[in-house]
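Peer 1: Each protein sequence line maps, in turn, to chains A and B. Here the first sequence stands for residues 1 to 120, where the numbers follow the UniProt record's numbering. Here the second sequence stands for residues 1 to 120, where the numbers follow the UniProt record's numbering.
Protein chains: 2
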Amino acid sequence: MILSHMEQYQSGLDGIFQALADPTRRAVIGRLGRGPASISELAEPFEMALPSFMKHIHVLERSGCIITRKDGRVRTCAIETAALAIVGDWLSAQRALWEGRTDRLEQFLAEATDPKETPR
Amino acid sequence: MILSHMEQYQSGLDGIFQALADPTRRAVIGRLGRGPASISELAEPFEMALPSFMKHIHVLERSGCIITRKDGRVRTCAIETAALAIVGDWLSAQRALWEGRTDRLEQFLAEATDPKETPR
DNA sequence: CAAACGCTTAGCCATTGCGCTTAGTATCTC
DNA sequence: GAGATACTAAGCGCAATGGCTAAGCGTTTG
């Protein structure tokens, strides 16, 4: 298991998931997947004011999902794949837990003849 | 590609990521990975009051990460792996974007010799 | 039947999140 | 050097989040 991830970011899962919980920020990640871009370039598709957009960038940067660098007056952003790898690692760990446990789960579902909320 | 996920839950990514952004809720997911459990059983490891804990359960249920059923006075919870699969799908889609693009990204990183605004 | 149990509802409170505007600062460009 | 450009800082408003307590409600147990 790659521990560098765990040590650095394990406690950062909060921030990473939080960062990814917003459609604007996920769209930014999507755009950056095709290569680095400047702030205004990233902001262009969105209707919101630039300072509002900047907050999203900060959230992404603080969480470690992106890295940025300023050259002159232009700040360039790039995706930081390590953060998404952390999510992938967590997902794998979860999957490892419930795999081979479908027996119990199916049993639970089979018994659920009442839809969701049993009438009182 | 399995589209049923995309159609049903694509707009639910907000809720799923939001649900996973809390350590208590991730711990619940972890516990449920080992099999279904009742509310009080799930709440036991946590210091918070039961109504506070219930809010986490509701967040998890609304997001689709878990399903619950009430038998008598006991509500049993189980993990809903489909929600985590949605996250996995999204992650894969992102990975697909930035894979084969390491050239550009490495170039960006190589140029980042300026330690002024470079986060870690 | 009464008491204990397992939630569940309602509402309070402090903090955070996400949008806005207004007003900077620091580069370019001419 | 003046003006445009590309952010950046500060602060406002409102809704949502995450904790709490107090009280209620149906179910099981003695």
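Glycine included, C-beta positions come from ideal geometry on N, C-alpha and C.
(1) Just reading off the alpha helix (DSSP H) that ASP22 (chain B) is part of, what are its end residues?
(2) If you drop the 5 nearest sequence neighbours on each side, which residues of the same chain put their C-beta closer than 6 Å to that of ARG75 (chain B)?
(3) Answer yes or no: does any C-beta atom of chain B fall closer than 9 Å to that of ILE79 (chain A)?
(4) Whole angstroms are fine: how far does the CA of GLY72 (chain B) sit from the CA of ALA83 (chain A)?
(5) Can the beta-carbon of GLN18 (chain A) be found less than 9 Å from the beta-carbon of SER63 (chain A)?
(6) How would you write the range of the beta strand (DSSP E) that ARG73 (chain B) sits in, first residue to last?
(7) Go ahead and pull the three-state DSSP assignment for residue 125 (chain A).
(8) Below 8 Å on the Cβ atoms is my contact criterion, and I expect LEU32 (chain A) with ILE66 (chain A) to pass it. Report the Cβ-Cβ distance as a whole number of Å.
(9) For ALA49 (chain A), name the three-state secondary structure that DSSP assigns.
(10) Below 8 Å, can you find three or more Cβ-Cβ pairs linking the stretch 40 to 50 of chain B to the stretch 42 to 62 of chain A?
(11) For ILE79 (chain A) and ILE16 (chain A), which I take to be in contact (beta-carbon distance under 8 Å), what is that distance rounded to the nearest angstrom?
(12) So that I know if they touch, is there some Cβ in chain A lying closer than 9 Å to that of ARG62 (chain B)?
(13) Just to confirm, are ARG34 (chain A) and LEU13 (chain B) a CB contact at a threshold of 9 Å?
(14) Closer than 9 Å by beta-carbon distance: list the chain A residues that pair up with LEU50 (chain B), in chain order.
(15) For PRO36 (chain A), count neighbouring Cβ atoms within 10 angstroms of its own Cβ and tell me buried if that reaches 16, exposed if not.
(16) Can you tell me where the alpha helix (DSSP H) with GLY88 (chain B) in it begins and where it stops?
(17) Would HIS56 (chain B) and VAL28 (chain B) be called neighbours here (beta carbons separated by less than 9 Å)?
(18) Which whole-angstrom value is the C-beta distance of THR81 (chain B) and TRP98 (chain A), which I expect to be below 8 Å?
(19) Please work out which residues of its chain come closer than 6 Å, Cβ to Cβ, to LEU60 (chain B), disregarding the five sequence neighbours upstream and downstream, and give them in chain order.
Peer 2: Well, looking at it:
(1) Segment: none, ASP22 (chain B) is in no alpha helix (DSSP H) and carries neither H nor E.
(2) ILE39 and THR68
(3) yes
(4) 43 Å
(5) yes
(6) Here ARG73 (chain B) belongs to no beta strand (DSSP E), and DSSP marks it neither H nor E.
(7) Nothing can be reported for residue 125 (chain A), as the shown portion of chain A is limited to 1 through 120.
(8) 6 Å
(9) coil
(10) no
(11) At roughly 13 Å, the Cβ-Cβ gap does not stay under 8 Å, so ILE79 (chain A) and ILE16 (chain A) are not in contact.
(12) no
(13) no
(14) The contacting residues do not exist; LEU50 (chain B) stays about 19 Å from chain A at best.
(15) buried
(16) 81 to 98
(17) yes
(18) 6 Å
(19) ALA19, ARG25 and ILE66
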